[in-house]
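Numbering-wise, the sequence shown is residues 362 to 695 according to the numbering used here.
In this text, a Cβ means the ideal position worked out from N, Cα and C, and glycines have one as well.
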Amino acid sequence: MYASEQTQGTRAGRPTRGELLRRYRRLAGLTQEALAERTNYSVDYISKLERGQRRLAAAALDRLAEALGLGEAEIAALRGARGHPDEPETVTRPLAGREREQAELRRLLAGPGPSVLLLVGEPGIGKTRLLDEAEALAAEAGWYVVRGGCQPRTLDPFAPLTDALMTSLGQPVPPDRPAVRLHAERLGRLLSAFGDDDAGSPAGNGQDAAQLRPESARHLLFRAVTDYLHAVAGECGTLLILDDLHWAAPDALDLLRSLAFTADSATLRIIGAYRDTETPADAPLGAVIADLARASLVRVLTLDPLAEAEATQLVTQLIPAEDARRHALVPAIV
Numbered sequence: 362m363y364a365s366e367q368t369q370g371t372r373a374g375r376p377t378r379g380e381l382l383r384r385y386r387r388l389a390g391l392t393q394e395a396l397a398e399r400t401n402y403s404v405d406y407i408s409k410l411e412r413g414q415r416r417l418a419a420a421a422l423d424r425l426a427e428a429l430g431l432g433e434a435e436i437a438a439l440r441g442a443r444g445h446p447d448e449p450e451t452v453t454r455p456l457a458g459r460e461r462e463q464a465e466l467r468r469l470l471a472g473p474g475p476s477v478l479l480l481v482g483e484p485g486i487g488k489t490r491l492l493d494e495a496e497a498l499a500a501e502a503g504w505y506v507v508r509g510g511c512q513p514r515t516l517d518p519f520a521p522l523t524d525a526l527m528t529s530l531g532q533p534v535p536p537d538r539p540a541v542r543l544h545a546e547r548l549g550r551l552l553s554a555f556g557d558d559d560a561g562s563p564a565g566n567g568q569d570a571a572q573l574r575p576e577s578a579r580h581l582l583f584r585a586v587t588d589y590l591h592a593v594a595g596e597c598g599t600l601l602i603l604d605d606l607h608w609a610a611p612d613a614l615d616l617l618r619s620l621a622f623t624a625d626s627a628t629l630r631i632i633g634a635y636r637d638t639e640t641p642a643d644a645p646l647g648a649v650i651a652d653l654a655r656a657s658l659v660r661v662l663t664l665d666p667l668a669e670a671e672a673t674q675l676v677t678q679l680i681p682a683e684d685a686r687r688h689a690l691v692p693a694i695v
């Protein structure tokens with residue numbers, strides 16, 4: 362979960378990216394609503410950028426800089442600022458090439474079609490970068506984004522979904538959406554119960570999770586997750602983003618399968634990423650993918666290495682042209 366804005370700025374020793382963006386917006390005499398109108402972004406997206414709750418993609422930075430009339434110094438300050446304490450001091454790198462993959466991201470959000478898109482490839486090939494792009498595209502279009510990632514050897518049976526959901530539950534609930542608060546409180550109690558070794562937390566409707574049979578408790582949790590993701594949906598819906606699914610535990614994969622089969626695909630879309638080098642066909646993830654494929658609920662997109670021209674484009678975007686010519690870095694790297 363992200364720290365508060367005040368904590369972010371203090372820990373970093375200088376303004377965070379969100380704080381800088383807010384400062385530049387106010388210097389321009391704009392409200393969040395006015396900036397959203399100028400950029401064609403949602404007010405919610407602008408607000409979350411300023412609070413450090415959304416990554417700032419390179420394309421979004423360019424559009425915001427133009428709308429705010431920023432000079433080169435201000436743009437450089439935004440690029441170099443931290444988004445939150447654990448984020449490296451850099452804006453998401455440009456997305457070179459990947460036209461086919463970007464088209465698939467837009468297809469997922471536009472619908473109709475399978476509600477699940479899985480990106481597969483070797484480590485470092487660009488899966489997480491495409492998830493960043495999906496998050497930016499969805500937020501700009503008015504989707505509510507819930508995102509999490511799995512860690513190796515985690516003890517949480519529902520990771521990475523627990524991480525994603527707890528981060529979402531930590532966000533303020535708009536006062537005009539009481540249903541969101543109701544579903545959030547119910548889901549929070551259930552997640553606490555499943556995360557407690559003694560399972561002693563109340564689990565909705567006054568019941569104790571420990572008093573339920575395991576299958577009944579799981580059903581209650583799965584239903585609560587589905588209801589919550591529908592309740593928090595933005596004007597377009599909810600996009601659930603899950604990284605490193607090759608490390609997901611069987612319980613988490615069962616929940617993912619349940620969401621794909623039972624959720625309203627018009628309201629909930631799911632995009633995930635995993636390494637094919639660590640996912641044999643007989644692994645739990647492979648079985649889930651096979652189930653979804655038989656029901657025509659998933660598209661699996663295998664990422665290939667960048668072509669030479671695309672790799673050159675990426676390097677020239679990351680390295681100033683003069684430096685690249687001086688040191689002949691492009692041919693050396695490509």
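Would you kindly report the start and end of the unbroken beta strand (DSSP E) that includes tyrosine 635?
-> In the sequence shown, residue 635 corresponds to position 274, counting from 1. From DSSP, the beta strand (DSSP E) with tyrosine 635 extends over 629 to 635.
C-beta contact flag for alanine 585 and valine 541 at 8 Å = For this step, residue 585 is matched to residue 224 along the sequence shown. For this step, residue 541 is matched to residue 180 along the sequence shown. Their beta carbons are not under 8 Å apart, which means alanine 585 does not touch valine 541 by this criterion.
Taking Cβ to Cβ, would you say arginine 399 is nearer than 8 Å to alanine 428?
-> In the sequence shown, residue 399 corresponds to position 38, counting from 1. In the sequence shown, residue 428 corresponds to position 67, counting from 1. Taking 8 Å as the Cβ cut-off, arginine 399 and alanine 428 qualify as a contacting pair.
Please report how far the alpha carbon of leucine 543 lies from the alpha carbon of cysteine 597, in whole angstroms.
-> One-based indexing of the sequence shown puts residue 543 at position 182. One-based indexing of the sequence shown puts residue 597 at position 236. Cα to Cα, the separation comes out at about 21 Å.
Backbone CA spacing between tyrosine 505 and leucine 498 [nearest angstrom] | Taking the sequence shown and counting its residues from 1, the one referred to as residue 505 is at position 144. Taking the sequence shown and counting its residues from 1, the one referred to as residue 498 is at position 137. Distance between the alpha carbons of tyrosine 505 and leucine 498 is about 11 Å.
In angstroms, rounded to a whole number, what distance separates the CA positions of leucine 492 and arginine 508?
-> Indexing the sequence shown from 1 puts residue 492 at position 131. Indexing the sequence shown from 1 puts residue 508 at position 147. Near 9 Å, if we compare the C-alpha coordinates of arginine 508 and leucine 492.
Nearest chain B C-beta to leucine 548 closer than 8 Å, yes or no?
-> Among the chains in the structure shown there is no chain B, since it carries only a single protein chain.
Assign proline 539 to one of two classes, buried (16 or more other C-beta atoms within 10 Å of its C-beta) or exposed (fewer than that).
-> Translated into positions along the sequence shown, residue 539 becomes position 178. By the 10 Å Cβ count, proline 539 comes out exposed.
Specify the secondary structure class of valine 649 as computed by DSSP and reduced to three states.
-> Position 288 of the sequence shown, counting from 1, holds the residue named residue 649. Note: valine 649 maps to helix in three-state DSSP.
Going by C-alpha distance, which of Ala397, Lys409, Leu469, Thr489 is nearest alanine 426?
-> For the purposes of this step, residue 426 is taken as the residue at position 65 of the sequence shown. Per the Cα distances, Ala397.
Counted within 10 angstroms of its Cβ, other Cβ atoms place arginine 375 as buried (16 or more) or exposed = Indexing the sequence shown from 1 puts residue 375 at position 14. Its Cβ having fewer than 16 others within 10 Å, arginine 375 is exposed.
Of the choices Ala609, Ile602, Val534, whose alpha-carbon is the least far from that of arginine 490?
-> Walking along the sequence shown from the start, residue 490 turns up at place 129. Nearest option by C-alpha distance: Ile602.
What separation, rounded to the nearest whole angstrom, lies between the Cα atoms of leucine 629 and threonine 377?
-> Position 268 of the sequence shown, counted from the start, is the residue given in the question as residue 629. Position 16 of the sequence shown, counted from the start, is the residue given in the question as residue 377. Distance between the alpha carbons of leucine 629 and threonine 377: 32 Å.
Start and end of the beta strand (DSSP E) containing arginine 508?
-> Here residue 508 is taken as the residue at index 147 of the sequence shown, counted from 1. Looking at the DSSP string, the run of the beta strand (DSSP E) that includes arginine 508 is 504 to 510.
Collapsed DSSP secondary structure at aspartate 524 in the structure displayed = In the sequence shown, counting from the first residue as 1, residue 524 sits at position 163. Correct three-state label for aspartate 524: helix.
Would you decide whether leucine 590 is buried or exposed? Buried here means 16 or more other CB atoms lie within 10 Å of its CB.
-> By one-based count along the sequence shown, residue 590 stands at place 229. Counting Cβ neighbours within 10 Å, leucine 590 comes out buried, since at least 16 surround it.
Assuming aspartate 612 and phenylalanine 519 make a contact with CB atoms under 8 Å, what is their CB distance in whole Å?
-> Reading the sequence shown from its first residue, position 251 is the one you call residue 612. Reading the sequence shown from its first residue, position 158 is the one you call residue 519. Aspartate 612 to phenylalanine 519, Cβ: 6 Å. Contact.
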